[in-house]
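J.: The structure is given below, and queries will be raised subsequently.
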Amino acid sequence: MKFKIFISLLFSALILFSNIAFSASPKTLVFSAIPDQDETRLKQRFGDVAKYLEKELGIPVKYVPVKSYAAVVTAFRNKQVQLAWFGGLSGVQARLKVPGSQAIAQGVEDPKFHTYIIANHTTGLKESDEFPKGVAGKTFTFGSKGSTSGRLMPQYYIEKAMDEKVDKVFKRVGFSGNHSKTIALVQSGAYEVGAVNFKVWEKEVKEGKVDTKKVSLIWKTPAYPDYQWTIRGDVDKEWGKGFTKKVQAALLNLKDPELLGRFPRSGFIEAKNADFQPILDTAKSIGIID
Amino acid sequence: MDSVYKHSPAWNVSWLFIFLAGFSLFFSDIEIISLEPWQELKRLFMGLLTPDWSNLSEIGEAFLQTLAFAILGVAGGSFIGFLLAQIFHWRWIQISCAFIRAIHELFWALIFLQIFGLHPLTGLLAIGLPYAATFAKVYAEILEEGDKSALQAVSRDASRISTFFYARLPDLWEHFKSYTSYRLECGLRSSAILGFVGLPTLGYTLSSAFMEGHYSVVWALLLLFYLLIATIRYWVRPALLPLYIIAAPFIIANDSTISFDNVQRFFTEDIIPTPIMRGESLSESWHWLSDLLINQALPGIANTVVLTQVALVASGILTLLFFPLISTHFFKPAGRTLGHVLLVILRTTPEYILAYILLQLWGPSMLPAIVALALHNGAIIGHLIGRYSTEIQLRVDASRGLNRYLYELLPRLYGQFLAFLFYRWEIIMRESAILGILGIATLGFYIDSSIQELHFDKAMILIFITALLNVLVDTLSRYLRAKLRLRTNVDCRASNDYCTAKE
Numbered sequence: 014m015k016f017k018i019f020i021s022l023l024f025s026a027l028i029l030f031s032n033i034a035f036s037a038s039p040k041t042l043v044f045s046a047i048p049d050q051d052e053t054r055l056k057q058r059f060g061d062v063a064k065y066l067e068k069e070l071g072i073p074v075k076y077v078p079v080k081s082y083a084a085v086v087t088a089f090r091n092k093q094v095q096l097a098w099f100g101g102l103s104g105v106q107a108r109l110k111v112p113g114s115q116a117i118a119q120g121v122e123d124p125k126f127h128t129y130i131i132a133n134h135t136t137g138l139k140e141s142d143e144f145p146k147g148v149a150g151k152t153f154t155f156g157s158k159g160s161t162s163g164r165l166m167p168q169y170y171i172e173k174a175m176d177e178k179v180d181k182v183f184k185r186v187g188f189s190g191n192h193s194k195t196i197a198l199v200q201s202g203a204y205e206v207g208a209v210n211f212k213v214w215e216k217e218v219k220e221g222k223v224d225t226k227k228v229s230l231i232w233k234t235p236a237y238p239d240y241q242w243t244i245r246g247d248v249d250k251e252w253g254k255g256f257t258k259k260v261q262a263a264l265l266n267l268k269d270p271e272l273l274g275r276f277p278r279s280g281f282i283e284a285k286n287a288d289f290q291p292i293l294d295t296a297k298s299i300g301i302i303d
Numbered sequence: 058m059d060s061v062y063k064h065s066p067a068w069n070v071s072w073l074f075i076f077l078a079g080f081s082l083f084f085s086d087i088e089i090i091s092l093e094p095w096q097e098l099k100r101l102f103m104g105l106l107t108p109d110w111s112n113l114s115e116i117g118e119a120f121l122q123t124l125a126f127a128i129l130g131v132a133g134g135s136f137i138g139f140l141l142a143q144i145f146h147w148r149w150i151q152i153s154c155a156f157i158r159a160i161h162e163l164f165w166a167l168i169f170l171q172i173f174g175l176h177p178l179t180g181l182l183a184i185g186l187p188y189a190a191t192f193a194k195v196y197a198e199i200l201e202e203g204d205k206s207a208l209q210a211v212s213r214d215a216s217r218i219s220t221f222f223y224a225r226l227p228d229l230w231e232h233f234k235s236y237t238s239y240r241l242e243c244g245l246r247s248s249a250i251l252g253f254v255g256l257p258t259l260g261y262t263l264s265s266a267f268m269e270g271h272y273s274v275v276w277a278l279l280l281l282f283y284l285l286i287a288t289i290r291y292w293v294r295p296a297l298l299p300l301y302i303i304a305a306p307f308i309i310a311n312d313s314t315i316s317f318d319n320v321q322r323f324f325t326e327d328i329i330p331t332p333i334m335r336g337e338s339l340s341e342s343w344h345w346l347s348d349l350l351i352n353q354a355l356p357g358i359a360n361t362v363v364l365t366q367v368a369l370v371a372s373g374i375l376t377l378l379f380f381p382l383i384s385t386h387f388f389k390p391a392g393r394t395l396g397h398v399l400l401v402i403l404r405t406t407p408e409y410i411l412a413y414i415l416l417q418l419w420g421p422s423m424l425p426a427i428v429a430l431a432l433h434n435g436a437i438i439g440h441l442i443g444r445y446s447t448e449i450q451l452r453v454d455a456s457r458g459l460n461r462y463l464y465e466l467l468p469r470l471y472g473q474f475l476a477f478l479f480y481r482w483e484i485i486m487r488e489s490a491i492l493g494i495l496g497i498a499t500l501g502f503y504i505d506s507s508i509q510e511l512h513f514d515k516a517m518i519l520i521f522i523t524a525l526l527n528v529l530v531d532t533l534s535r536y537l538r539a540k541l542r543l544r545t546n547v548d549c550r551a552s553n554d555y556c557t558a559k560e
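What follows is the structure in structure tokens.
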């Protein structure tokens, strides 16, 4: 038993030690991103972005992978992440939780973002300009619960068109977790209809990952603002005056098509908090934000 | 015609549970949703034939993290649990421990993620806290039920500490040791599944690989995990433990920081119900609460109970099918070995992972959850009952085959079987709730949704309700066990089996 007590004391001492050792103020800029597609490749996807920022900013930059949209918001809020590639909704949530934080850049495509409603071929649904009311009674999957293009916006437009809550419209409503998975599930027929981020859809179609005989686009939502880079308000204090501007410039200067393909965007442009007001309003109307 | 014959209480209770499960089944959603589930199953088995070890550094890292979190979490839990066991007779300690135990590690992880984020403390507390509460209870039971003859011989003047070390510990050491090492195995499973909510353990890599259908990677991870658990007795040695405990903090350390502000904010803002934070009127607050109760808590409770009852009876049925596989009364050694391998695989795979696999194949109805819970729990109890059956001496001219099963063994083992099953009841309920995170509409689904929408106040209320439901089932199970006089015998092995069944 003495042995055991000894071990346990040692253990507590070490925990204490590890805490002290690692709570020293980090000069590394840590960033994260919402896990919106293929989760096995998150590190490859953003690891090189970290290297780029490191070079541009002249300070160590690290990317940390996280498992859920909410976890990115939490890490941002807890100061464990200072910069993040958010979706429209997660960005709005994060900026509400961290006063002073700012949206600094968005993809060229992001001010006019769309969600594609896709359907398995067995449903017989075809592409139309009008909302396809034939989706009623089918099985349906969103992406992640916290996604803008995979959940918030499609839910809003579906409920608006059908004048009913989604769980009444569809026979079954699921959450696939991310956009790649939504495509895979609708393609395999696990769900008949799904909502997917149009950029991810186009990218996967182009890469030949989608069997367009089995799954196809049936409707496109109106445009809305989506992804953006958001930075904490206190970074200037940590890394010196003008740091926010410096990060912004680095992002806007990102021209390497290889790196841009990771997002996937054709380039980055300036963004400000007010750009995302429509997202906040929609989230409030659906009840995700009180 | 009136019969003088009366059914035993065990018979009545069994049929009551079967009837309840049948009734629940009526309300449950057990459809196979995927259009091509067998196609996917085929791909899964192809993955088994071609495990992919190419990404060895990532796999190795995931295993190191899994081990380190498990070892530190269980060590910390056992130390605190041991201290708590000394004062476990205090009523409020018992109640708090019951409550902490009633909340699953994954829910604890979701809570601590909000407070400590990606800091290793999240994982350590998520394992350590509920494990401490379980250790406290079981250690206290060991102290209570163990042999006290040496104690009576000790002089009154002896100090408490030396009494403990000289008169109690030598008799109880084996109990402590074997239970603690058994819990380390559980800890490995817990640590592995914490990856599903974002800790850098096995579940992280596993769920990512699964998401993308990389089944060869999935099998590489699972096979390694089976190997790790199967060889546990070779690498867990008292002499090596200090080494592991010293190394582990370095493995799990990362450079994220924690601050007291976050802790404070969690308790003073995040979990305070929104209407109270905003100082809204009583009627508005009531509206908020009733909305939560009616639209989330009630359907969540109903589905959790339905799933639990069906899975409990299904586990019972599978147990009765499984135990002969490893019993000397039915199979020769070769056959029994196969039975052992099957049961070991089923009980080593965490039910969360089993359910996850089946969900990917069949889609998110209750069916995958029922099958996963029944296979895992059926294998655990089947293993224990199988071992008990082996000890039963039959007459040389005893009947064979089905008659032997029905008339010789089953009546002798039935009490033991029911006792084990009732011990698992609470555990099955805790798992049923947690499986909601995977998309089945049990309480876990609503808790996860609230957290994803950053409504921690709602999540905490739902977690509280889940814990209450668990405590209720635990109490009911204890009542039934007492009523049916299902008692534990306290030789070392038996008590360990009960612990195995319990946790």
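The listed protein sequences derive, respectively, from chains L and Y.
Here the first sequence is numbered in my numbering, starting from 14 and rising by one per residue.
Here the second sequence is numbered in my numbering, starting from 58 and rising by one per residue.
For glycine and all other residues, C-beta sits at the position ideal for the given N, C-alpha and C.
With a cut-off of 7 Å, does the C-beta of Y:N319 fall near any C-beta of chain L?
T.: Closer than 7 Å: yes.
J.: Which residues in the same chain as L:P39 place their Cβ atom closer than 8 Å to its Cβ, once the five residues preceding and following it in sequence are excluded?
T.: With a pLDDT of only 48 at L:P39, under 50, the local geometry of the prediction cannot be trusted, and no value is derived from it.
J.: Are the C-beta atoms of Y:M103 and some chain B residue less than 7 Å apart?
T.: No chain B appears in this structure, whose protein chains are L and Y.
J.: By a C-beta neighbour count over all protein chains shown, 10 Å radius and 16 as the cutoff for buried, is Y:P332 buried or exposed?
T.: The residue is buried, with at least 16 neighbouring Cβ atoms inside 10 Å.
J.: How long is the line joining the alpha carbons of Y:R246 and Y:I520, rounded to whole angstroms?
T.: Going by the C-alpha atoms only, they are around 22 Å apart.
J.: Using the C-alpha atoms, what's the distance from Y:S135 back to Y:L492?
T.: Rounded to whole angstroms, Y:L492 to Y:S135 spans 27 Å at the Cα level.
J.: Report buried or exposed for Y:Q122, applying the criterion of at least 16 other Cβ atoms within 10 angstroms of its Cβ.
T.: It counts as buried.
J.: Taking DSSP's pairing of strands, which residues face L:G120 in a bridge?
T.: Partner(s): L:F281.
J.: Rank L:V111, L:D249, L:K227 by C-alpha distance to the C-alpha of L:T135 and give the top, closest one.
T.: Ranking L:V111, L:D249, L:K227 by Cα distance to L:T135 puts L:K227 first.
J.: Please list the partners that L:Q93 has in chain Y, where partner means a Cβ-to-Cβ separation under 7 Å.
T.: Those within 7 Å of L:Q93 in chain Y are G174, L175, S313, T314.
J.: Is the CB of L:Q106 under 7 Å away from at least one CB in chain Y?
T.: Cβ-Cβ to chain Y under 7 Å: yes for L:Q106.
J.: Among Y:K389, Y:N112, Y:A516, Y:A193, whose alpha-carbon lies nearest the alpha-carbon of Y:W147?
T.: Among Y:K389, Y:N112, Y:A516, Y:A193, the Cα nearest to that of Y:W147 belongs to Y:A193.
J.: Is it buried or exposed, L:N338, if we count other Cβ atoms within 10 angstroms and call 16 or more buried?
T.: Nothing about residue 338 of chain L can be read from this structure; chain L reaches only from 14 to 303.
J.: Does any C-beta atom of chain Y lie closer than 7 Å to the C-beta of L:E217?
T.: Not closer than 7 Å to any Cβ of chain Y, the Cβ of L:E217 fails to qualify, so no.
J.: Just to confirm, is the Cβ distance from Y:G458 to Y:F379 under 7 Å?
T.: Not a contact, by the Cβ cut-off of 7 Å.
J.: Is there a Cβ from chain L that is less than 7 Å from the Cβ of Y:I494?
T.: So, not an interface residue.
J.: Could you name each continuous alpha helix (DSSP H) segment of 4 residues or more that falls completely within the segment 154-234 of chain Y, going from the start of the chain to the end?
T.: Listed in chain order, the complete alpha helix (DSSP H) runs (minimum 4 residues) inside the segment 154-234 of chain Y are 162-173, 178-202, 206-209, 217-220.
J.: Could you tell me whether any Cβ in chain L is nearer than 7 Å to the Cβ of Y:C549?
T.: For Y:C549, the predicted structure reports a pLDDT of 42, less than 50, and the residue's modelled location is therefore unreliable. A value from the coordinates is still provided. By this cut-off, Y:C549 is not an interface position.
J.: Go ahead and pull the three-state DSSP assignment for Y:F126.
T.: Helix at Y:F126.
J.: Kindly indicate which three-state DSSP category L:R58 falls into: helix, strand or coil?
T.: Reduced to three states, the DSSP call for L:R58 is helix.
J.: Three or more C-beta pairs under 8 Å: does that hold for the segment 112-128 of chain L against the segment 282-298 of chain L?
T.: They touch, by the three-pair rule.
J.: Applying a beta-carbon distance threshold of less than 7 Å, which residues of chain Y neighbour L:T152?
T.: Under the 7 Å cutoff, chain Y gives I90.
J.: Below 7 Å on C-beta distance, what does L:K194 contact in chain Y?
T.: Correct list: M268.
J.: Identify every run of the alpha helix (DSSP H) within the segment 325-398 of chain Y, keeping only runs that are complete inside it and at least 4 residues long; order them along the chain.
T.: Segments of the alpha helix (DSSP H) lying fully in the segment 325-398 of chain Y: 331-334, 339-349, 355-379.
J.: According to DSSP, simplified to helix, strand and coil, what is Y:Q151?
T.: Note: Y:Q151 maps to helix in three-state DSSP.
J.: The segment 165-186 of chain L: which residues have C-beta closer than 9 Å to a C-beta of chain Y, in chain order?
T.: Flagged, chain order: R185.
J.: Going by DSSP, name the residue or residues bridged to L:L109.
T.: Paired residues: none, contrary to the question.
J.: Opposite Y:Y464 in the DSSP bridges: which residues?
T.: Answer is none; Y:Y464 lacks a bridge partner.
J.: Quick test of your reading: Y:F479 and Y:R542, contact by CB under 8 Å. State the CB separation rounded to the nearest angstrom.
T.: Contact doesn't hold; Cβ gap of about 12 Å is too wide.
J.: Just checking my contact of Y:S264 with Y:F282 at CB under 8 Å: how many whole Å lie between their CB atoms?
T.: Not confirmed; about 14 Å, so no contact.
J.: Between L:T87 and Y:I374, what straight-line distance do the alpha-carbon atoms span, to the nearest angstrom?
T.: The alpha-carbon atoms of L:T87 and Y:I374 are separated by roughly 44 Å.
J.: Against chain Y, which members of the segment 118-130 of chain L pass a CB distance test of less than 9 Å?
T.: From the segment 118-130 of chain L, no residue has a Cβ closer than 9 Å to chain Y.
J.: Can you round the beta-carbon distance between Y:S489 and Y:A426 to whole angstroms, since I take them to be within the 8 Å contact cut?
T.: Rounded, the Cβ-Cβ distance is 7 Å, consistent with contact.
J.: Scan the segment 129-145 of chain L for residues whose Cβ lies nearer than 7 Å to a Cβ of chain Y and list them as they occur along the chain.
T.: Taking 7 Å as the Cβ-Cβ cut-off against chain Y, none of the residues of the segment 129-145 of chain L qualify.
J.: Quick one: residues in its chain with C-beta nearer than 6 Å to the C-beta of L:P124, no 5 flanking neighbours on either side, listed in chain order?
T.: So the list reads P238, once near-sequence residues are dropped.
J.: Go ahead and pull the three-state DSSP assignment for L:S38.
T.: Below a pLDDT of 50, predicted positions are generally treated as unreliable, and L:S38, at 48, falls in that range; the measurement from the model is reported next regardless. The answer is coil: DSSP assigns L:S38 none of H, G, I, E or B.
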